[in-house]
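Colleague: Each residue of the sequence shown is one higher than the one before, starting from 97 at the first, in the numbering used here.
Backbone N, C-alpha and C define an ideal beta-carbon position, used for all residues, glycine too.
As the structure is a prediction and not an experimental result, all values here were calculated from the model.
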Amino acid sequence: MSELFSRRLALLGESPALSLLTQSLHGIERECLRVTADGQLAHSDHPHTLGAALTNPQITTDYSEALLEFITPAEADATQTLADLDRIHRFAYSKLANDDEFLWSPSMPGPLPEEEDIPIARYGNSNIGKLKHVYRKGLALRYGKTMQCIAGIHYNFSLAERIWPLLQKLDGDTGSVRDYQSTRYIALTRNFRRYSWLLMYLFGASPALDSSFLRGRPHQLQQLDADTLYLPYATSLRMSDLGYQNNAQAGLTPCYNDLASYTESLRQAVSTPYAPYAEVGTKQNGEWVQLNTNVLQIENEYYSNIRPKRVTYSGERPIQALIARGVQYVEVRCLDINPYLPLGIDLTEARFLDVFVLFCALQDSPLFEGGECRSCSDNFLKTVKEGRRPGLHLQREGQTVELKAWATQLLQDFAPIAELLDRAHGGESFQQALVQQQAKIDDASLTPSAQVLAELQARGESFRDFAMRYSRAHAEDFKARPLSAEEQQFFEGLARQSLAEQAELESAEPGDFDTFVAAYQASILGISV
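(1) May I ask you to list the residues that DSSP assigns as paired with Cys629?
(2) Count the other CB atoms within 10 Å of the CB of Lys481; is the residue buried (16 or more) or exposed (fewer)?
(3) Let's test the definition: count the other Cβ atoms within 10 Å of the Cβ of Ala591 and tell me whether it reaches 16, buried, or not, exposed.
(4) Between Arg421 and the rest of its own chain, which residues show a CB-CB distance below 8 Å, the 5 nearest in sequence each way excluded?
(5) Output needed for Leu107: all residues of its chain with C-beta closer than 8 Å, excluding positions within five of it in sequence on either side, in chain order.
(6) Give me the Cβ distance between Tyr231 and Gln393, rounded to the nearest whole Å; I'm assuming they're in contact under 8 Å.
(7) Provide the residue(s) that pair with Cys430 in DSSP beta bridges, ordered along the chain.
(8) When you compare the CB of Glu110 with every CB in chain D, is at least one pair closer than 8 Å?
(9) Taking the C-alpha atoms as reference points, what is the distance between Gly607 and Asp432?
(10) Tell me where the alpha helix (DSSP H) around Phe309 begins and ends.
(11) Please report the straight-line C-alpha distance between Phe562 and Gln459, rounded to a whole angstrom.
(12) Gly248 to Cys128, Cα distance in whole Å?
(13) With a threshold of 7 Å on Cβ separation, who are the neighbours of Val625 within its own chain once the five nearest residues in sequence on each side are excluded?
(14) May I ask which residues mark the beginning and end of the beta strand (DSSP E) holding Tyr373?
(15) When the distance is taken between beta carbons, is Thr331 closer than 8 Å to Arg218?
(16) Do Phe464 and Arg286 have their C-beta atoms within less than 8 Å of each other?
(17) Just tell me which of Pro314, Glu375, Gly220 and Tyr251 has its CA closest to the CA of Leu295.
(18) At 4 residues or longer, and completely inside the stretch 161-194: list those alpha helix (DSSP H) runs for me, N to C.
(19) Could you please give the first and the last residue of the uninterrupted beta strand (DSSP E) stretch that includes Ile155?
(20) Provide the residue span of the beta strand (DSSP E) that contains Gln585, from first to last.
(21) Just to confirm the assignment: which complete beta strand (DSSP E) runs, minimum length 3, are found wholly within the stretch 379-430?
(22) Assign Val625 to one of three DSSP states: helix, strand, or coil.
(23) Within 10 Å of its beta-carbon, does Gln318 have 16 or more other beta-carbons around it, so buried, or fewer, so exposed?
(24) Which residues in the same chain as Ile282 place their Cβ atom closer than 8 Å to its Cβ, once the five residues preceding and following it in sequence are excluded?
(25) Taking all protein chains shown into account, decide if Gly268 is buried (16 or more other Cβ within 10 angstroms of its Cβ) or exposed.
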């Protein structure tokens with residue numbers, strides 16, 4: 097434990113900083129496919145009774161019309177965040193076609209139709225709605241539709257704003273609080289990249305997939321049965337490179353050494369033409385097929401396991417918000433949906449994530465130099481494909497280290513933070529979360545990925561049948577607990593309001609779509625860091 101890390105911990109253990117730890121904000125975004133009773137992708141429209149996907153703040157769609165995304169409000173306690181997520185699920189099930197549609201339980205999709213038959217999400221006739229649709233058409237062009245049907249959980253976390261001036265004074269930083277806060281969040285991001293392999297070992301839950309996912313492409317997976325492929329020691333095939341058939345992002349590695357270089361690298365990517373995309377163009381037969389022919393259409397096209405973020409104003413781009421007002425929170429994006437859990441995540445995992453992210457925020461975070469950024473990626477990819485392999489080794493500071501030994505050391509380093517959070521919140525739930533994760537390190541069979549494979553093999557069950565069985569069980573759980581009349585009215589009110597907001601956007605739309613896209617693209621070109 098470094099001296100600076102110890103001093104930061106000591107500061108947070110005193111008043112008023114200790115109470116501020118209870119004011120960290122948490123939000124969860126959970127994606128899940130709508131499927132039919134036999135596990136096929138639903139071809140029905142996004143349910144009108146759930147509101148407008150464009151404007152409903154809590155229920156929208158991601159890539160496909162069938163890929164729902166549930167978004168919780170930001171809450172100070174993850175217990176409340178999960179309660180919010182539970183209510184959204186229960187409302188959704190109250191509106192899905194009775195016994196005809198289900199929410200798919202794991203991250204990897206089941207049997208998918210032909211690529212051309214996977215429906216891309218639609219957002220109405222407003223210019224912003226069309227932009228979202230065309231962006232997704234561009235994703236189909238660049239990466240294929242199949243990859244876009246993978247679902248995950250995003251965990252948003254921010255420390256209380258009033259903590260940053262206290263830490264800044266301790267660190268002896270004399271710049272602006274905004275700049276210090278951004279610097280610390282970027283440092284957090286670097287540490288997250290150093291240690292995120294651990295999350296894949298502990299919470300990865302996608303060691304197998306439906307054979308139709310690979311569309312006959314060559315692969316190195318093993319055959320579990322006629323319909324299921326797997327890797328014996330994989331933790332998260334979702335986060336592997338199986339779905340990527342695109343080279344444009346291969347050379348794109350945003351620098352996490354400071355906010356300015358990070359935003360500039362993304363700005364360059366959304367402004368720099370990529371020859372294969374230029375050959376296709378933005379239109380075919382007069383129809384838009386992608387927003388532009390650049391390396392990225394928009395900033396969010398860059399796939400990363402964590403993003404520094406700030407809430408945007410209406411019409412503002414993510415890069416603009418970061419440059420103008422700095423980093424506000426981080427979005428952890430590498431989490432699999434646990435198919436055994438109705439919500440895909442539980443409080444124990446959330447408590448551990450709080451400890452993990454806070455450790456990344458407080459621990460020393462040297463700048464990436466030499467090949468460290470590459471070794472971080474290598475450790476991550478090695479863990480998602482063979483993280484449970486006995487004796488597996490990773491690279492740490494240029495040296496080889498056994499995964500289990502490093503994982504155990506990290507949990508020991510996390511212990512003071514878990515104790516601190518338990519003091520702030522009361523109880524022992526954070527320390528208990530560490531105990532449960534250490535058990536997985538000691539015994540890999542306790543990890544979700546191992547449990548999925550063991551169950552598939554013990555039951556002689558295909559991945560699609562396994563997933564559908566749990567999808568039905570979760571549906572029964574949600575339907576057995578209908579919302580109160582007041583809660584039901586709240587969500588129905590959100591749905592009605594969102595439909596009205598979309599209608600207003602479409603009735604008051606100024607200008608044509610081509611002009612709108614040109615202005616959207618130009619908004620990024622003039623940014624200076």
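Modeller: So, from the data block:
(1) Because the chain in this structure spans residues 97 to 625, residue 629 falls outside the shown range and cannot be described.
(2) For the purposes of this step, residue 481 is taken as the residue at position 385 of the sequence shown. Lys481 comes out buried.
(3) Against the sequence shown, residue 591 aligns to sequence position 495. Looking at its Cβ environment, which holds 16 or more other Cβ atoms inside 10 Å, Ala591 is buried.
(4) Within the sequence shown, residue 421 is the residue found at index 325, counting from 1. Excluding residues within five positions, the ones whose Cβ falls inside 8 Å are Arg274 and Arg406.
(5) By one-based count along the sequence shown, residue 107 stands at place 11. Excluding residues within five positions, the ones whose Cβ falls inside 8 Å are Ala113, Leu262, Leu263 and Leu266.
(6) By 1-based counting over the sequence shown, the position of residue 231 is 135. By 1-based counting over the sequence shown, the position of residue 393 is 297. Yes, they are in contact, since the Cβ atoms of Tyr231 and Gln393 sit about 6 Å apart, within 8 Å.
(7) Counting from one through the sequence shown, the residue named residue 430 turns up at place 334. Paired residues: none, contrary to the question.
(8) No chain D is part of this structure, which consists of one protein chain only.
(9) Taking the first residue of the sequence shown as 1, we reach residue 607 at position 511. Taking the first residue of the sequence shown as 1, we reach residue 432 at position 336. About 41 Å.
(10) Position 213 of the sequence shown, counted from the first residue, corresponds to residue 309. That residue, Phe309, is in no alpha helix (DSSP H); it is neither H nor E in DSSP.
(11) Counting from 1 along the sequence shown, the entry for residue 562 is found at position 466. Counting from 1 along the sequence shown, the entry for residue 459 is found at position 363. Their Cα atoms are separated by approximately 41 Å.
(12) To locate residue 248, count along the sequence shown from 1; it is residue 152. To locate residue 128, count along the sequence shown from 1; it is residue 32. Whole-angstrom Cα-Cα distance: 8 Å.
(13) As a position in the sequence shown, residue 625 is number 529, starting the count at 1. Confidence is the limiting factor: at Val625 the pLDDT is only 40, short of 50, which leaves the residue's position unreliable, though a coordinate-based value still follows. Excluding positions up to five away in sequence, the list reads Ala356, Thr359, Glu360 and Ile419.
(14) What you label residue 373 is simply residue 277 of the sequence shown in a count that begins at 1. No beta strand (DSSP E) holds Tyr373; the alpha helix (DSSP H) holding it covers Ala371 to Val376.
(15) In the sequence shown, counting from the first residue as 1, residue 218 sits at position 122. In the sequence shown, counting from the first residue as 1, residue 331 sits at position 235. Taking 8 Å as the Cβ cut-off, Arg218 and Thr331 do not qualify as a contacting pair.
(16) Translated into positions along the sequence shown, residue 464 becomes position 368. Translated into positions along the sequence shown, residue 286 becomes position 190. In contact: Phe464 and Arg286 (Cβ atoms closer than 8 Å).
(17) The residue you call residue 295 lines up with position 199 of the sequence shown. For the residues Pro314, Glu375, Gly220 and Tyr251, the minimum Cα distance to Leu295 belongs to Tyr251.
(18) 174-191
(19) The residue you call residue 155 lines up with position 59 of the sequence shown. It spans Ile155 to Thr157 - the beta strand (DSSP E) in which Ile155 sits, taken as one unbroken run.
(20) Residue numbering aside, residue 585 sits at position 489 when the sequence shown is read from its first letter. That residue, Gln585, is in no beta strand (DSSP E); its alpha helix (DSSP H) goes Ala581 to Ser603.
(21) 402-405
(22) Looking up residue 625 in the sequence shown gives position 529. In this predicted model, Val625 has a pLDDT of only 40, less than 50, meaning its place in the structure is not dependable; the value taken from the coordinates is given anyway. Of the three classes helix, strand and coil, the one that applies to Val625 here is coil, per DSSP.
(23) Sequence index remark: in the sequence shown, residue 318 carries index 222 (1-based). Its Cβ having fewer than 16 others within 10 Å, Gln318 is exposed.
(24) Position 186 of the sequence shown, counted from the first residue, corresponds to residue 282. The answer, listed in chain order, is Tyr352, Asn353, Asp354, Leu355, Tyr358, Pro404 and Val423.
(25) Taking the first residue of the sequence shown as position 1, residue 268 is located at position 172. Gly268 is exposed by the Cβ-count criterion.
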